[in-house]
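Here the sequence shown is numbered in the UniProt record's numbering, starting from 1 and rising by one per residue.
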Amino acid sequence: MSSVVRKVPGFADIDWSMPWFAPFAVRGRRWQQAALTSEAALLDAMNADAQLSRHTVLDGRQLAFVAQSELPAHTAYEAHIGATGCVPTRHNLHDFFNALSWFQFPRMKAAQTARGSAAVGSMGRGPTRGSTRDALTLFDENAVLFATADPALSAALRAFDWQRLFVANRDAWGQRCEARCFGHALLEKLITPFKACTAHAWIVDVPPEYFAWPDERRSAWLDDTVSREFSTDEPLSSQAFAPLPVLGIPGWWPENEEPSFYDDVSVFRHGRRTRSSDARIAPSKASQAVAAFPVSTGKGEESPDSTGQGDG
1 MSSVVRKVPG
11 FADIDWSMPW
21 FAPFAVRGRR
31 WQQAALTSEA
41 ALLDAMNADA
51 QLSRHTVLDG
61 RQLAFVAQSE
71 LPAHTAYEAH
81 IGATGCVPTR
91 HNLHDFFNAL
101 SWFQFPRMKA
111 AQTARGSAAV
121 GSMGRGPTRG
131 STRDALTLFD
141 ENAVLFATAD
151 PALSAALRAF
161 DWQRLFVANR
171 DAWGQRCEAR
181 CFGHALLEKL
191 ITPFKACTAH
201 AWIVDVPPEY
211 FAWPDERRSA
221 WLDDTVSREF
231 STDEPLSSQA
241 FAPLPVLGIP
251 GWWPENEEPS
261 FYDDVSVFRH
271 GRRTRSSDAR
281 IAPSKASQAV
291 AAFPVSTGKG
301 EESPDSTGQG
311 DG
């Protein structure tokens, strides 16, 4: 009996022309070349950019990237970043995309770190993580930002109404809604995209003029808006997300040009309907999406703290 050997994607396999990678491409291409040289070269490239950007983490600490070996034993990943400003980084795709997210959405990452560090401080590092840390992990690993100026489209997403979201309102994409990848495990998965690849969508209401802004301004606006949401004392839970099969996004995958693409109910599932207009409390099947579609590519990242690194 023959067995199929599955090729593990590497740094050379990133196709920056894909729509989910394109926002990260300018910096990503430079880092890719450094990563193909050595771990030290990649850390040097990351830290050179960190010095130029002057991004900060908790309490004004300068963002920096260090080897994973510098994370002390029995120290929570996010607590270490909050205390030092230093992000423990392995020489792999998962942490490569994590670092890129720090530059694309620096306020969001800093707010996440602060909230996660506070949760560790209140509950400690142990088997009980709490809903806040679990929600932050889902966001950090697998989130896509669904920005929309049309409440009917966010309602369609929450209601699993894929025909309305992707077919009937196909021309709305880029005009009244868009999706931007945030989760670094999601980006890692999308090196080898598959139809069932499902993100946790965080819905962001944007003003109509948002879609006339240049790309950089949109990213900055989302970064500021969502970071302020994380900076409140409002409780967080997995119920804040809606599952979004990302290859269904118009313009992201050639096969979805055919309406029959969305007839596959194993991917475009029928979910519970909700009358709630609040995306933060509306029932979702995000937890089922996680169970069905692991967060990573088979390296043990699908559950919180499964790597020993924490939420990284």
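Yeah, the Cβ is synthetic: ideal placement off N, Cα and C, and Gly gets one too.
- Residue environment: Phe-241 is assigned as buried (16 or more neighbouring CB atoms within 10 Å of its CB, all protein chains considered).
- Here the region 176–191 lies against the region 148–158, with 3 or more beta-carbon pairs under 8 Å apart.
- Boundaries of the alpha helix (DSSP H) around Leu-187: 184–189.
- In the structure shown, Pro-88 adopts extended strand secondary structure according to DSSP, grouped into three states.
- Using a C-beta cut-off of 8 Å, the region 34–42 makes no contact with the region 212–228, since fewer than three inter-stretch Cβ pairs fall below that distance.
- For Phe-146, the enclosing beta strand (DSSP E) stretches over residues 143–148.
- Taking the C-beta atoms as reference points, Arg-27 is found nearer than 8 Å to Leu-100.
- Residue burial annotation: Gln-51 is exposed, with fewer than 16 other C-beta atoms found within 10 angstroms of its C-beta.
- Contact fails between the region 100–113 and the region 156–166, because fewer than three Cβ pairs, one in each stretch, are under 8 Å apart.
- Its chain contains Leu-36 as the residues whose beta carbon lies nearer than 7 Å to that of Ala-12, once the 5 sequence neighbours on both sides are disregarded; these appear in chain order.
- In this structure, DSSP gives Ile-203 an extended state, which the three-state scheme calls strand.
- Ala-143 and Ile-249 have their C-alpha atoms roughly 15 Å apart.
- According to the DSSP assignment, Leu-42 belongs to no beta strand (DSSP E) but to the alpha helix (DSSP H) extending over 39–53.
- DSSP places Ala-99 outside any beta strand (DSSP E); the residue lies instead in the alpha helix (DSSP H), whose first and last residues are 93–104.
- Looking at the backbone, the Cα of Phe-261 and that of Gly-130 are separated by about 38 Å.
- Leaving aside the five residues that flank Cys-86 on each side, the residues in its chain whose CB is nearer than 6 Å to its CB run, in chain order, Ala-64, Val-66.
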